[in-house]
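The opening position of the sequence shown corresponds to residue 71 in this note's numbering, with each subsequent residue numbered one higher.
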Amino acid sequence: MATWMRKFICICLRVIQCRLLGQFVGYADYSLFTFYSGTDFLAVLVYIDDLVIAWNNTSRCTSFKSYLNSSFKIKDLGPLKFFLGIEITHTRIGLFLSQRKYTLEILEDCGLSAAKLTAFPIKQHHRLASSTTPVLSDPACYRRLIGRLLYLTITRPELCYSVYLLAQFMHKPRESHWDAAIHVLHYLKHSPGQGIFLSRPTSLQLIDYCNSDWSGELITSYVPTKFRLADIFTKALGRDRFHFLLRKLGIRDLHALT
């Protein structure tokens with residue numbers, strides 16, 4: 071792996087020397103390489119021997135792929151459709167990201183493919199922090215499940231509160247924590263194809279900004295409960311409130327787009 075990465079970095083440096091692309095940046099994340107040349111941009115995400123390429127100039131991307139092909143034996147698979155458990159659906163107005171297959175695999179592994187449905191991921195008045203139910207005899211199963219759910223929050227931000235809460239008990243999970251995790255799975259059974267939609271921007275324009283006044287007296291206005299959109303990330307909510315904020319997040323179901 072290290073040998074492959076060193077060779078790939080050398081290829082990237084040669085690309086710059088040949089002036090196919092401009093400045094090369096890859097210091098913060100060694101699996102992500104970005105190139106700039108004026109207004110042109112190209113990014114390459116590397117996972118073992120798989121490459122995901124994003125660009126805003128087709129000719130530069132074509133030149134880059136041709137150079138790679140002269141250095142390695144590569145196969146162009148076309149537009150990205152599936153990567154690391156994330157399904158990508160291309161539409162005229164943007165991209166839809168979901169983890170339906172990954173979700174169904176979790177449900178099947180836990181024997182919940184035919185589970186009853188629930189409309190929200192965690193009960194509103196839970197007492198998980200003060201639970202005194204018996205400690206799980208096999209905490210490894212709980213930890214593995216929570217780890218898989220944490221990865222699912224990439225495309226399911228509405229799960230952040232419930233999953234991060236349950237992750238706090240991985241050192242000593244109890245039966246009540248396991249039951250709450252199973253409740254999350256019942257919610258996933260209700261909407262396995264749900265994900266996030268990234269719309270294609272027509273233009274990027276600053277329409278508003280906020281400046282923190284550190285030197286003067288800061289006066290904050292009261293925000294009514296119905297406008298507190300961050301509540302879905304910070305607390306357990308009832309069904310109606312949860313689904314209202316879910317719509318505000320722009321989370322959709324994959325099948326609703328077709």
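Just so it is clear, CB atoms sit at the ideal spot from N, CA and C, and this is done for glycine as well.
In this text the structure is predicted, and so the values were computed from the model without any measurement.
- With a cutoff of 8 Å on beta-carbon distance, Val-122 and Phe-153 are scored as near each other.
- A direct Cα-Cα distance of roughly 6 Å separates Glu-245 from Pro-204.
- DSSP places Asp-146 outside both helix and strand once states are collapsed to three, so it counts as coil.
- Annotation: the continuous alpha helix (DSSP H) that includes Tyr-257 extends over 245 to 260.
- Remark: C-beta atoms of Cys-180 and Leu-255 approach each other more closely than 8 Å.
- DSSP, reduced to helix, strand and coil, places Ala-237 within a helical segment of the structure shown.
- The alpha carbon of Gln-194 has as its nearest neighbour, out of Leu-319, Ile-321, Thr-159, Leu-307, the alpha carbon of Leu-307.
- At the C-beta level, Ile-158 and Glu-228 stay beyond 8 Å of one another.
- Sixteen is the threshold: since fewer than 16 other Cβ atoms of the shown chains lie within 10 Å of the Cβ of Trp-74, the residue is exposed.
- Its Cα nearest to that of Ala-189, the residue Gln-264 stands out among Gln-264, Arg-130, Tyr-172.
- Ser-261 and Arg-213 have their C-alpha atoms spaced approximately 23 Å apart.
- Under the three-pair Cβ rule at 8 Å, the segment 124 to 136 counts as touching the segment 104 to 115.
- Cα atoms of Leu-177 and Arg-226: separation of roughly 16 Å, rounded to the nearest angstrom.
- For Thr-173, the number of other beta carbons within 10 angstroms of its own is at least 16, and it is reported as buried.
- The beta-carbon distance between Ile-302 and Leu-167, rounded to whole angstroms, is 18 Å. This is too long to meet the 8 Å contact definition.
- For Leu-299, the number of other beta carbons within 10 angstroms of its own is below 16, and it is reported as exposed.
- Counting the other CB atoms within 10 Å of its CB gives Phe-312 a total of 16 or more, which places it among the buried residues.
- For the 8 Å CB-CB criterion, Ile-192 and His-253 form a contact.
- By the neighbour-count criterion, in which 16 or more other beta carbons inside 10 Å mark a residue as buried, Pro-243 falls on the buried side.
- For Lys-186, the CB contacts under 7 Å within the same chain, skipping 5 residues up- and downstream, are His-256 in chain order.
- Across the structure, Gly-164 and Gln-275 are spaced so that their CA atoms are roughly 18 Å apart.
- A straight-line Cα-Cα distance of about 12 Å links Ala-251 and Leu-220.
- Non-local beta-carbon contacts of Arg-270 in its own chain, meaning distances under 7 Å to residues more than five positions away in sequence, involve Ile-163, Gly-164 in chain order.
- The Cβ-Cβ distance between Thr-295 and Tyr-231 does not fall below 8 Å.
- In the DSSP assignment, Gln-264 is bridged to Asp-323.
- Collapsing the DSSP output to three states places Tyr-292 in coil.
- Straight-line spacing of the CA atoms in Tyr-106 and Arg-130 works out to 11 Å.
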